[in-house]
Amino acid sequence: MNYLNENLRHVLAAEYVLGTLSIRARRRLEQLRVEHIEIERAIQDWEWHFNGLAEKLTPQPPSELVWQRIEQTLLERDINTQQNVVDFKTHSVRIWQSITGFATAAVLVLAFLLFSQPESLEPLPNQITVVQSEDNQPLWLIEIFNTRIDTQATQNVVKETAKDYELWMVPKDGTAPISLGLLPQEGIRSLVKHNRFDTTEIAALAVSIEPLGGSVTGSPTQVLYISPLALL
Amino acid sequence: MDNEEHLRLLNRVASGDRKAFELLYKATSGHLYAICMSILKNNELAEDVLQEGFIKIWDNAKEYSQGKGRVLTWMTSIVRYRAIDMLRFQKVRKGNGLSEQELVSDSPTDSFQFTNKNQLDHCIEQLGIQQKQAIHLAFFDGLTHQEIAYHIDSPLGTSKSLIRRGVQALKRCLGL
Chain A
1 MNYLNENLRH
11 VLAAEYVLGT
21 LSIRARRRLE
31 QLRVEHIEIE
41 RAIQDWEWHF
51 NGLAEKLTPQ
61 PPSELVWQRI
71 EQTLLERDIN
81 TQQNVVDFKT
91 HSVRIWQSIT
101 GFATAAVLVL
111 AFLLFSQPES
121 LEPLPNQITV
131 VQSEDNQPLW
141 LIEIFNTRID
151 TQATQNVVKE
161 TAKDYELWMV
171 PKDGTAPISL
181 GLLPQEGIRS
191 LVKHNRFDTT
201 EIAALAVSIE
211 PLGGSVTGSP
221 TQVLYISPLA
231 LL
Chain B
1001 MDNEEHLRLL
1011 NRVASGDRKA
1021 FELLYKATSG
1031 HLYAICMSIL
1041 KNNELAEDVL
1051 QEGFIKIWDN
1061 AKEYSQGKGR
1071 VLTWMTSIVR
1081 YRAIDMLRFQ
1091 KVRKGNGLSE
1101 QELVSDSPTD
1111 SFQFTNKNQL
1121 DHCIEQLGIQ
1131 QKQAIHLAFF
1141 DGLTHQEIAY
1151 HIDSPLGTSK
1161 SLIRRGVQAL
1171 KRCLGL
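Quick mapping for you: the protein sequence lines, in order, are chains A and B. Read the first sequence against the working numbering and you will find it ends at 232, with the numbers running on by one and no gaps. Read the second sequence against the working numbering and you will find it ends at 1176, with the numbers running on by one and no gaps.
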């Protein structure tokens, strides 16, 4: 596809801004906007025009909790930074007092949350992604927890009786994809989280089609879908 | 607050000024929250997206340049794209089963009357009613082609074609 064709470039850029591009096309365009200034300009043109439409929405004040949570997030980052750079021999008592104070408060808040929530409430995943088909249909929901990866197939998954779908993590540094396990063709499947998952900078997750039982070479045979991860 | 004031605050945010960040939040959060609500139609999710969006704005303030358009346009893009991602995730989590009522807003903009007479509004008025409707459903409600097709009771191909021809007509009208 010639992305530098003017008409195509504008249609793709406008659909990117509207939000109607498939996830795969969206990520591809995000790569291309970095490489080609013409695409970046086309996206900016459409953002400028379309986002102006949003200004006719009547502003609605969010709950005050939102700003409090933003401040809390930045405060936690400050404390983590201080913890990372503190010299253990010469650190000031004051820093540790504030860290200890914050930690105590955090424990109390956590305890309150734990004991005030219904028992059936599961912890939220740390990261999520929705693997989508080229025509924007959701195929799998992938939820990353501390020690496991929960996968859930939608009814849009094409059932392959003689093949399996395999999930991979694609490292940012360009090294070979790492298998995370086989995806269900229907229902839910929980995968054990790979021990390199949390220590690897991940560019995206990928889904390949493989012989029954998964790739025999250790590498994806045919990649069908690519999906970026989002933090929660 | 105009763009110059937003820019002045964002420059201070880029250098780590929390007070400026709070002022920028106060000046823009109502507008950005309205966008989140328009797409997500759920207070809790909209507030989550707004929170994430502002953290990203804090993190990326140094990357903003005036070539990226007005400050509010840049901030709108950050929050709106995240809202669309969240919407897609929630639909899958619910089994892809949002009702039609959940898919579309009941905001005044549903009448497809783009009353703010800027250049784009003028150009949108030149579109056919279904093209306007399709663009409205995509922008304000975050619908996919498939969902737009369902809403306007047309095949998927028609939905795609409406948006693409609409965009091409807008491009000509806007002189892009």
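All residues carry an ideal CB built from backbone N, CA and C; glycine is no exception. It should be emphasised that the depicted structure is a prediction, and the values quoted were computed from it without experimental measurement.
Got a sec? Which residues, its chain only, sit under 8 Å from residue i by beta carbon, not counting five neighbours each side?
| i | result |
| --- | --- |
| residue 22 of chain A | 132, 133, 134, 135, 136 |
| residue 1155 of chain B | 1149 |
| residue 94 of chain A | Interpretation of residue 94 of chain A is limited by its pLDDT of 43, a score under 50 that renders its predicted location unreliable; the figure taken from the coordinates is listed afterwards. Cβ neighbours of residue 94 of chain A beyond the five flanking positions: none. |
| residue 1007 of chain B | 1066, 1071 |
| residue 147 of chain A | 192, 193 |
| residue 68 of chain A | none |
| residue 1064 of chain B | 1010, 1014, 1071, 1074 |
| residue 1052 of chain B | 1082 |
Under the assumption that residue i contacts residue j (Cβ atoms under 8 Å), give the Cβ distance between them as a whole number of angstroms.
| i | j | result |
| --- | --- | --- |
| residue 1080 of chain B | residue 138 of chain A | Between residue 138 of chain A and residue 1080 of chain B the Cβ distance is about 20 Å, and since that is not below 8 Å, they are no contact. |
| residue 201 of chain A | residue 164 of chain A | With a Cβ gap of about 27 Å, residue 201 of chain A and residue 164 of chain A do not count as contacting. |
| residue 166 of chain A | residue 214 of chain A | 5 Å |
| residue 1160 of chain B | residue 1145 of chain B | 5 Å |
| residue 1045 of chain B | residue 1119 of chain B | Their Cβ separation, rounded to whole angstroms, is 33 Å, which puts residue 1045 of chain B and residue 1119 of chain B out of contact at 8 Å. |
| residue 1076 of chain B | residue 1127 of chain B | That belief does not hold up - the Cβ atoms of residue 1076 of chain B and residue 1127 of chain B are roughly 22 Å apart, past 8 Å. |
| residue 188 of chain A | residue 150 of chain A | 7 Å |
| residue 129 of chain A | residue 227 of chain A | 5 Å |
| residue 1068 of chain B | residue 44 of chain A | 6 Å |
| residue 1135 of chain B | residue 1163 of chain B | 7 Å |
Chain A partners of residue i, CB-CB under 8 Å?
| i | result |
| --- | --- |
| residue 1012 of chain B | Per Cβ cutoff of 8 Å: no residues; residue 1012 of chain B is ~15 Å from chain A at best. |
| residue 1142 of chain B | 19 |
| residue 1004 of chain B | The contacting residues do not exist; residue 1004 of chain B stays about 17 Å from chain A at best. |
| residue 1164 of chain B | 11, 15 |
| residue 1015 of chain B | Those within 8 Å of residue 1015 of chain B in chain A number zero; the least Cβ separation is about 15 Å. |
| residue 1145 of chain B | 20, 135, 136 |
| residue 1120 of chain B | 49, 50, 52, 53 |
Starting from residue i, trace the alpha helix (DSSP H) both ways and give me its first and last residue.
| i | result |
| --- | --- |
| residue 44 of chain A | 37 to 53 |
| residue 17 of chain A | 6 to 18 |
| residue 1146 of chain B | 1145 to 1151 |
| residue 1013 of chain B | 1003 to 1014 |
| residue 1027 of chain B | 1018 to 1040 |
| residue 1048 of chain B | 1043 to 1060 |
| residue 1216 of chain B | For residue 1216 of chain B there is no data in the structure shown, the boundaries of chain B being 1001 and 1176. |
| residue 1120 of chain B | 1119 to 1125 |
List the residues of chain B that residue i touches, going by C-beta distances under 7 Å, in chain order.
| i | result |
| --- | --- |
| residue 44 of chain A | 1068, 1069 |
Where do the N-terminal and C-terminal ends of the beta strand (DSSP E) with residue i fall, by residue?
| i | result |
| --- | --- |
| residue 143 of chain A | 138 to 144 |
| residue 192 of chain A | 188 to 192 |
| residue 206 of chain A | 202 to 211 |
| residue 185 of chain A | Note, residue 185 of chain A: premise wrong, no beta strand (DSSP E); not H, not E. |
| residue 1141 of chain B | Where residue 1141 of chain B is concerned, there is no enclosing beta strand (DSSP E), although the alpha helix (DSSP H) it sits in stretches over 1129 to 1141. |
| residue 163 of chain A | 163 to 171 |
| residue 1064 of chain B | It is not in any beta strand (DSSP E) - residue 1064 of chain B carries neither H nor E in the DSSP assignment. |
| residue 223 of chain A | 222 to 227 |
| residue 150 of chain A | 148 to 153 |
| residue 129 of chain A | 127 to 132 |
Which residues in chain A have a C-beta closer than 7 Å to the C-beta of residue i? List them in chain order.
| i | result |
| --- | --- |
| residue 1085 of chain B | 230 |
| residue 952 of chain B | This structure cannot speak to residue 952 of chain B, because chain B is shown only from 1001 to 1176. |
| residue 1176 of chain B | 10, 45 |
Which bits of chain A does residue i rub up against, with CB to CB less than 9 Å?
| i | result |
| --- | --- |
| residue 1027 of chain B | Under the 9 Å cutoff, chain A gives no residues; its nearest Cβ is about 10 Å from residue 1027 of chain B. |
| residue 1138 of chain B | 15, 18, 19, 20 |
Given residue i, which residues of its chain have a CB within under 7 Å of its CB, disregarding the five upstream and five downstream residues?
| i | result |
| --- | --- |
| residue 59 of chain A | none |
| residue 127 of chain A | 144, 229, 230, 231, 232 |
| residue 1084 of chain B | 1039, 1142 |
| residue 92 of chain A | For residue 92 of chain A, the pLDDT reaches just 44, beneath the cut-off of 50, and the residue's location in the model is therefore unreliable, although a value from the coordinates is still provided. Taken in chain order, the list of residues that qualify is empty. |
| residue 1062 of chain B | 1014 |
| residue 10 of chain A | 42 |
| residue 14 of chain A | 46 |
| residue 1004 of chain B | none |
| residue 196 of chain A | 178 |
| residue 1050 of chain B | 1029, 1032, 1033, 1036, 1079 |
| residue 176 of chain A | 219 |
Leaving out five residues on either side along the sequence, give the residues of the same chain with a beta carbon under 6 Å from the beta carbon of residue i.
| i | result |
| --- | --- |
| residue 1170 of chain B | 1123 |
| residue 1009 of chain B | 1020, 1023, 1024 |
| residue 171 of chain A | 200 |
| residue 223 of chain A | 206, 208 |
Residue i touches chain B at which residues, Cβ-Cβ below 9 Å?
| i | result |
| --- | --- |
| residue 185 of chain A | The contacting residues do not exist; residue 185 of chain A stays about 16 Å from chain B at best. |
| residue 7 of chain A | 1168, 1171 |
| residue 36 of chain A | Residues of chain B passing the Cβ test: none, with the nearest at roughly 15 Å. |
Please compile the residues from chain D whose C-beta is within a distance smaller than 8 Å of the C-beta of residue i.
| i | result |
| --- | --- |
| residue 1135 of chain B | Any reference to chain D falls outside this structure, whose protein chains are A and B. |
### Task
Would you list, in chain order, the members of the region 1050 to 1068 of chain B that have their beta-carbon closer than 9 Å to a beta-carbon of chain A?
1050, 1051, 1052, 1054, 1055, 1058, 1067, 1068
### Query
Using a Cβ cut-off of 7 Å, which residues of the region 1148 to 1162 of chain B contact any Cβ in chain A, in chain order?
none
### Query
When Cβ atoms are compared, which residues of the region 51 to 75 of chain A fall closer than 9 Å to chain B?
51, 52, 53, 54, 55, 56, 57, 58, 59, 60, 61, 62, 63, 65, 66, 67, 69, 70, 71, 73, 74
#### Entry: Contacting positions in the region 177 to 203 of chain A - beta carbon closer than 8 Å to chain B
none
### Query
For the region 1030 to 1048 of chain B, which residues have a CB atom closer than 7 Å to at least one CB atom of chain A, in sequence order?
1030, 1031, 1033, 1034, 1035, 1037, 1038, 1047
### Query
Given a limit of 8 Å on CB to CB distance, which residues of the region 154 to 179 of chain A reach chain B?
154, 155, 156
### Task
Output, in sequence order along the chain, the residues in the region 209 to 222 of chain A whose CB is closer than 8 Å to any CB in chain B.
none
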